[in-house]
Every structure is written in structure tokens, then in C-alpha cells.
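Q:
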Amino acid sequence: MDLMINSATQASNAASYESLPSTSSLAKLQSDSVLSSVTHLDPSFLVFSKDEGEGDDDPEGLKEFMWVSPGMDISAPDNYLPSVLQDFARWVPLTMFEPLRVMDLIKQRVTSYFSSSDADRARSMLIGRLIGMILNSPVLDNKGQVVMSLLRADLNRETGVYTSIRPSLGPDAARIQAGYLLNKHLENITIQAPVYPLHIIIRLLHHATPLFRYTCPGPPDLPFYLPGILVDPEFNLRHFVSLDVVLSVTSGRPALCQYEVGNSLELCNQVLRYQVDYGFRWLHGIPDQFVLLLAWINGLYERQGINVEPQVLAQIECELSNVEISTVESTDPALKIGRTIVQECWRHATYVYFYMTLYDAHSKDPRVERALKAFMRLVNGINPGRNPDSFLVAPMIIVGQF
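Per this note's numbering, residue 110 is the first one in the sequence shown, and the count goes up by one each step.
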């Protein structure tokens, strides 16, 4: 989950927030409300059903990173942490594009939350149980709805308190806490995305937008400098932008924020230089270069429609063809090929969006047909499977909506 994979800087940010005198009562409110709810649940609430967790496919052996004593008594307090780690061991390979890059870090982060505070430990337990329920059935039962309600109520309460005290905080403290809460909102979106319809996910992202604005450096009333965000070490900023851009393109709605892309050719090269150390690709499979280009296309279309200068159109088309797809690490050859193909599919989906927006091309336009044929040829060359098939949904929506 996103909260589990942020840098050590974010952990220190949270610690800085908790040390603020004006917010100490909030920490107690969190602990009392969430922990009391967990404590008074029936012990069976934390126990898997008989078939839950059986038959999971794990071609890369990722469970070895976190799996601890599968036959243990999960309702025993000493086994709460191992049970949460088991939940994540099943969740991460199914929901993250390149889980090998983050499995060990997630284990460290979950473990650190269990030792940091009662509130973080309770939240981790609830998230772990909710993950287990979703993996067992995408339709939440009453228990699942209770857990989701607890997490939502806790987040809404915390956000409300932050909103009320923000004017009294210094700039640094306000930004740190906004980023801390933005992490939780994005985590909430990641958990709910497999369960709830798209319009609810967009609404959740809309609720997180003020926190994104408070977290970003610079004046909140100006367009956000997108290349700077994409190479920012704070994952929450990049995650928000990527979700905003992709959801805007797939749903046809305006982006929640305005972005400035600058000289995109030079900045795409800058993005490439940072490819090893950062990126959004490992989570959803879209290289950040395409996030930048889609935001550029989207912004031009919203402002100018089809009246874009020919030299700008030529530059975008050139950059699309020049984006380099980096190698995907995997111990499974089929997954390695499939994940590389997903990234190439994003290239051709971006071509389709580019031609049918800024050029106002129709589906029979030779350029569109060429991109569609290339896209389908790639898709048909992948062996069926949840990974990478589930990561083709967004580009398929793009190529299929025109």
C-alpha cells in the first residue's frame, strides 16, 4: 500500500507532526476511536475463512518475503503482525505491476507501524483484514463494510481536525501533515479501487485534492510544475498526479489540477535519467514519460482544442516515438515479457488519444488504425493472466472510448 512504501522522510514527517503540541489530542483521538473499535470486535473477525488464501498464484515466489507460519492462530494477539504480513503477501503481487521492487520495503514499513503507535497498528490491522476480505471476494460483506466505514471515519475525522488547525500551524508543519494525510487518502483509494465504481474513486481523489495542493511547494493558485513533481522523492505527489492524469484521460473529465509541462523533450530525458530510482511504473505499469505526455496533450486540448501549433504537434509525436521502455525485472520470463508489452501498449494508447483529440481524427483515420492495430497485436501476444491483464484496463479504455 502507498502509506507502507514511502521514504524514510515521510516517516519522519509523521513523527514531526505527532510532536506538535497543537495536535497531540488528535493522536489520542485516533488511538481511542480506532483501537476501541478493533478491540471490541469478535475474535473471529480477524480469522480467515477456510478457503481464503488458498490457490493463490505466486510465480515469482514473493510470499517468501513476508509469509510467516501459515497455520498459526491468527486471532492470537502475538500473531497480529504476521497475519497482516500474510495479507500483504497475497495483495501486493496482484495489485502492483512490479512487486519485486517493493516487497521488502513494504514488510519493513508494516513492521515499523506496529511499533510506532497504537493508531498506526490498529489501522494496519484493519487494512490487512480488509485486504483479505477483498481477495476472498470483491463484494464486501457486512464485516467488510464495517472495516471500510471505520477507516473512512478515522480518515475524515483526522482530515477535519487538520483543516481546523491548519491556519494556526507554521508552513512546514502544515505541509508535513498535509502530505501525511494525502498518503492515507491515496491508500484509501488504492484499497477501494477494486471494489467500488469509477465515479466513487474519482470523488475520493477529488476529496484528496486540497491536501495535494497544501503538500506541493509553491503557490497553490498556479499550475503545478509536473516534471518537478514526477522526479520528486515524495511518492504521494507523483501518485496523485498520475491518478489525476490517467483518470482524466480515461473518464473524459477535466483534470482536478492544472499542470505546467515546460519543455517536454528535455524533461522527458530528465525523467529517463531518474528511471531506476523513482517512478510510478512499478505500481500501475505506466511509465512516467507517458504520464507527462498525456498531461501535456490533455492540457493543450482543454485550452486550445484542435487549434494547436503544427510544430507542437510534431514535437509531441516525435517524443512519443522516442520514449524508451526500460527493462522490467522479474524471475518469471513470461511476466517479464508481459510487463514490457504493457508499457508499449501505453505508447500506442497515447498515440490514439493524441490523434483523436488534438488532430480531431476519427476511428478510420490511417494513423489511428495503425496505432490500434499495433496495440491489439501486442495485447494478443500476451499469455492470459491477472498480471499483466489487469494493468491493460486503463489503456484499453483509452483506445476503446473513441
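All C-beta atoms in this analysis are idealised placements derived from N, C-alpha and C, irrespective of residue type, glycine included.
Since the structure is predicted, the reported quantities are computational estimates derived from the model, not experimental observations.
1. Under 8 Å by Cβ, that's how I've got residue 365 and residue 315 pegged, so tell me the actual separation to the nearest angstrom.
2. How is residue 426 classed by DSSP in three states: helix, strand or coil?
3. Taking buried to mean at least 16 other C-beta atoms within 10 Å of its own C-beta, is residue 482 buried or exposed?
4. Taking the alpha-carbon of residue 454 as reference, which of 192, 473, 434 has the nearest alpha-carbon?
5. Tell me whether residue 472 is buried or exposed, calling it buried when 16 or more other Cβ atoms sit within 10 Å of its Cβ.
6. Which class does residue 323 belong to by DSSP, given the choice of helix, strand or coil?
7. Where does residue 368 sit, in a helix, a strand or coil, going by DSSP?
8. Helix, strand or coil for residue 136 per DSSP?
9. Using only alpha-carbon positions, find the residue among 246, 173, 220 that is nearest to residue 198.
10. Assign residue 502 to buried or exposed, taking buried as 16 or more other Cβ atoms, counted over all protein chains shown, within 10 Å of its Cβ.
11. Is it true that the CB of residue 311 sits closer than 9 Å to the CB of residue 261?
12. Are the beta-carbon atoms belonging to residue 203 and residue 496 less than 9 Å from one another?
13. Have a look at 338, 242, 326, 292 and flag the residue whose alpha-carbon is nearest the alpha-carbon of residue 370.
14. Does the beta-carbon distance from residue 368 to residue 355 come in below 9 Å?
15. What is the DSSP secondary structure of residue 206, reduced to helix, strand or coil?
16. Name the one or two DSSP bridge partners that residue 334 has.
17. State the Cα-Cα distance for the pair residue 232 and residue 504, rounded to the nearest angstrom.
18. Less than 9 Å between the C-beta atoms of residue 108 and residue 467, yes or no?
19. Can you tell me whether DSSP reads residue 499 as helix, strand or coil?
20. Measure the Cβ-Cβ separation of residue 429 and residue 390 and say whether it is below 9 Å.
A: On the basis of the supplied data:
1. 6 Å
2. helix
3. exposed
4. The closest CA to that of residue 454, considering only 192, 473, 434, is found on 434.
5. exposed
6. Three-state DSSP puts residue 323 in a helix.
7. Reduced to three states, the DSSP call for residue 368 is strand.
8. Confidence at residue 136 is low in this model, with a pLDDT of 47, below 50, so its placement is unreliable and no value can be given for it.
9. 173
10. Exposed.
11. no
12. Their beta carbons are under 9 Å apart, which means residue 203 touches residue 496 by this criterion.
13. 338
14. no
15. coil
16. 369
17. 33 Å
18. This structure gives no information on residue 108, because the portion of the chain shown stretches from 110 to 511.
19. helix
20. no
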